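Student: At the far end of the sequence shown sits residue 147, using the numbering used here, and the numbering has no gaps.
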Amino acid sequence: MENIFSDEYFMRIALAEADDAYCEDEIPVGAVVVANGKVISKAHNITETLKDVTAHAEILAITAAENALGAKYLPECTLYVTLEPCLMCAGAIAHAHIGRVVFGADDPKKGYSTLLGKFPSKAEIVKGVLADEASKMLKDFFKDRRG
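Dropping the structure here:
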């Protein structure tokens with residue numbers, strides 16, 4: 001059966017998660033793991049809430065997907081995330097063997113491409129899906145915080 005949903009459809013779900021983070025005064029990053037056209041998990045940053053620098057949306061979504069599927073490897077899954085993964089998250093993605101990663105906004109300060117130059121796994125990478133919306137949310141968040 002062919003997947004009738006697009007990358008934009010699933011990225012909008014990730015953006016809704018990012019909006020939840022924004023409302024909780026967390027950096028607005030959202031992530032969704034999809035398998036066979038179905039959302040398996042979704043999460044947003046909760047680093048401030050947990051006082052845990054590892055509580056990134058990607059890490060939480062990967063852990064929830066592994067639990068939901070009863071597997072530690074996710075080669076048939078796609079991870080949608082509103083911001084380019086950092087080095088830590090890129091490592092987790094590689095270790096989880098996620099087959100495909102779709103992200104919105106680039107992260108020129110802490111994104112994997114700035115630090116590594118290329119993604120540290122064989123995952124297919126799709127960049128820039130709804131990037132303007134993801135970037136605007138992040139810029140608005142930091143503008144609001146600075147007053």
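Glycine included, each C-beta is placed from N, C-alpha and C at the ideal position.
It should be emphasised that the depicted structure is a prediction, and the values quoted were computed from it without experimental measurement.
Roughly how many angstroms separate the alpha carbons of residue 2 and residue 127, rounded to a whole number?
Tutor: Reading the sequence shown from its first residue, position 2 is the one you call residue 2. Reading the sequence shown from its first residue, position 127 is the one you call residue 127. Annotation note: pLDDT 46 at residue 2 (below 50); position unreliable, no value reported.
Student: Excluding five sequence neighbours on each side, which residues of the same chain lie with their C-beta closer than 6 Å to the C-beta of residue 69?
Tutor: Numbered from its first residue, the sequence shown carries residue 69 at position 69. Nothing listed; no residue qualifies.
Student: What are the boundary residues of the beta strand (DSSP E) that residue 103 is part of?
Tutor: Taking the sequence shown and counting its residues from 1, one reaches residue 103 at position 103. Segment 100 to 105, the beta strand (DSSP E) holding residue 103.
Student: Could you please give me the residues that DSSP links to residue 35 through a beta bridge?
Tutor: If you number the sequence shown from 1, residue 35 lands on position 35. Residue 35 is bridged to 38 and 77.
Student: How close, in whole Å, do the beta carbons of residue 92 and residue 77 come, if the pair is a contact with beta carbons under 8 Å?
Tutor: Walking along the sequence shown from the start, residue 92 turns up at place 92. Walking along the sequence shown from the start, residue 77 turns up at place 77. Rounded, the Cβ-Cβ distance is 13 Å, inconsistent with contact.
Student: Among 48, 51 and 85, whose alpha-carbon lies nearest the alpha-carbon of residue 62?
Tutor: Numbered from its first residue, the sequence shown carries residue 62 at position 62. The residue with the shortest Cα to Cα distance from residue 62 is 85.
Student: If you measure between the beta carbons of residue 14 and residue 81, is that distance less than 9 Å?
Tutor: Your numbering for residue 14 matches position 14 in the sequence shown. Your numbering for residue 81 matches position 81 in the sequence shown. Their beta carbons are under 9 Å apart, which means residue 14 touches residue 81 by this criterion.
Student: Sort 124, 98, 89 and 134 by Cα distance to residue 115 and report the nearest one.
Tutor: As a first step, residue 115 must be located in the sequence shown, where it is residue number 115. Of 124, 98, 89 and 134, the residue nearest in Cα terms is 89.
Student: Hey, residue 105 and residue 83 are a contact pair by Cβ (cut 8 Å); roughly how many whole angstroms apart?
Tutor: On the sequence shown, position 105 is the one that residue 105 refers to. On the sequence shown, position 83 is the one that residue 83 refers to. Residue 105 to residue 83, Cβ: 5 Å. Contact.
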